[in-house]
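Below: one structure, written as structure tokens.
In our numbering, the protein residues as written are 1319 to 1578.
Structure follows, in structure tokens:
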């Protein structure tokens, strides 16, 4: 809307601007990075500064070492990050730009409905062994780029990296420790997709009266550990790092929660 004449001596004032109709953006027929600026999701991430949205923003440090523009999971192996390409696509190559905390073993999968996944790539046993043997201290470790040409083109709307094993670090040597996965960029190369891909709208707030049952204001550098108890598969965990946001998969469970 471009104003030409005002109805009053003051400015324009508009409550809502709605646009209806039209076809979705056409699928691309040019081979390109279909994931760029598309919605990305993960089953776990540490905090908002390391959310999955960063793996499709086009940003990554040249040395794959800086702490910027990356998704990082919590400290468990069975973690995934996925990208919505917006429409059914044909994918031939996937580039993963890892920070030092890369996956030793993982699967690349595609899906048409974001529920049923088909594995299209997994590193060989020799590749996994080589990655597993590359143990460094956190200060000297750097990231890697995995450029995977799929054995044959795969089709689907959704693509994800499913972690199977995390990298080990000296902590300090000879002792080792494993942290989470840390990925700068998830590039999906092929044809198809849709520029109209977007995150779903947030649900409307449910009417009713609410009362506070729990509160932690996070005003200090760390959470109030006296207010939190961390349990995994029925066992209370000891050491955990900082603040991690976790979401239950709402497609199979009606609950949604935040944990640390």
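Quick reminder that beta carbons are idealized off the backbone N, C-alpha and C, glycines included. Since this is a predicted model, take the numbers as computed values, not measurements.
Counting other Cβ atoms within 10 Å of its Cβ, residue 1452 stays below 16 and is therefore classed as exposed.
When DSSP states are grouped into helix, strand and coil, residue 1448 belongs to the helix group. Residue pairing of residue 1417 in beta bridges, as defined by DSSP: absent, with no partner found. Pairing residue 1443 with residue 1413, the inter-Cα distance amounts to about 20 Å.
Less than 8 Å separates the beta-carbon of residue 1358 from that of residue 1371. With fewer than three CB-CB distances shorter than 8 Å, the region 1430–1443 does not count as touching the region 1496–1516.
Its chain contains 1356, 1357, 1402, 1403 and 1404 as the residues whose beta carbon lies nearer than 7 Å to that of residue 1515, once the 5 sequence neighbours on both sides are disregarded; these appear in chain order. Classified as buried, residue 1502 has 16 or more neighbouring CB atoms from the shown chains inside 10 Å of its CB. Boundaries for residue 1337: no beta strand (DSSP E) harbours it, and the DSSP string shows neither H nor E there. According to DSSP, residue pairing for residue 1435 in a beta bridge does not occur.
Here residue 1361 is not near residue 1388, since their CB atoms are 8 Å or more apart.
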